[in-house]
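First up is the structure itself, then whatever we jot down about it.
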């Protein structure tokens, strides 16, 4: 993985932790995980944390978005609990794209 991308992911994790999120895993998927990224590519991440357990989708998106402030590249983030992530199987986006082609970076 590109050093810049690794730095950005580490910075994003720190920002999440500063907001009180205990990150269990971060999975990189999409063009950066498949080594097909271009200058225009965004960074696609799934953040797994049980802190998301009592949050609805809107609350998760707001929290993930706050942590993204100041990140120098476009980042698309999904937030899931460990249980939600484990339950995803083949035939779903998470099962087919993230679990099969993604790279656990943290």
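Residue numbers (our numbering): -1 to 104.
Cβ atoms here follow ideal geometry from the backbone N, Cα and C, with glycine treated the same way.
Problem - Nearest residue (CA-CA) to residue 11, options 77, 42, 65, 93 - result: Restricting attention to 77, 42, 65, 93, the CA atom closest to the CA of residue 11 is found in 65.
Exercise for the section: Over the uninterrupted beta strand (DSSP E) stretch that includes residue 16, give me the two end residues. Expected result: Taken as a continuous stretch (DSSP letters only), residue 16 belongs to no beta strand (DSSP E), being part of the alpha helix (DSSP H) at 1 to 16.
Exercise for the section: Alpha carbon to alpha carbon, how far is residue 84 from residue 61? Give it in angstroms, no decimals. Expected result: Cα to Cα, the separation comes out at about 22 Å.
Exercise for the section: State the DSSP-derived secondary structure class of residue 19, mapped to helix, strand or coil. Expected result: It is coil, neither helix nor strand.
Exercise for the section: Give me the Cα-Cα distance between residue 26 and residue 53, rounded to the nearest whole angstrom. Expected result: Cα-Cα distance, rounded: 22 Å.
Practice task
Would you mind giving the Cβ-Cβ distance between residue 48 and residue 22, rounded to the nearest angstrom? I have them listed as a contact below 8 Å.
Solution key: Between residue 22 and residue 48 the Cβ distance is about 7 Å, and since that is below 8 Å, they are a contact.
Problem - For residue 73, three-class secondary structure by DSSP - result: In the structure shown, residue 73 sits in a strand (DSSP, three-state: E or B).
Exercise for the section: Just tell me which of 103, 78, 104 has its CA closest to the CA of residue 93. Expected result: Of 103, 78, 104, the residue nearest in Cα terms is 78.
Practice task
Note down the Cα distance separating residue 82 from residue 97, rounded to an integer number of angstroms.
Solution key: Spanning the two alpha carbons is a distance of roughly 12 Å.
Handout entry: Where the alpha helix (DSSP H) containing residue 63 begins and where it ends
Key = DSSP places residue 63 inside the alpha helix (DSSP H), whose first and last residues are 55 to 66.
Practice task
Identify which residue in 89, 91, 80, 41 has its Cα closest to the Cα of residue 72.
Solution key: Looking at the Cα atoms, 41 is the closest of the given residues.
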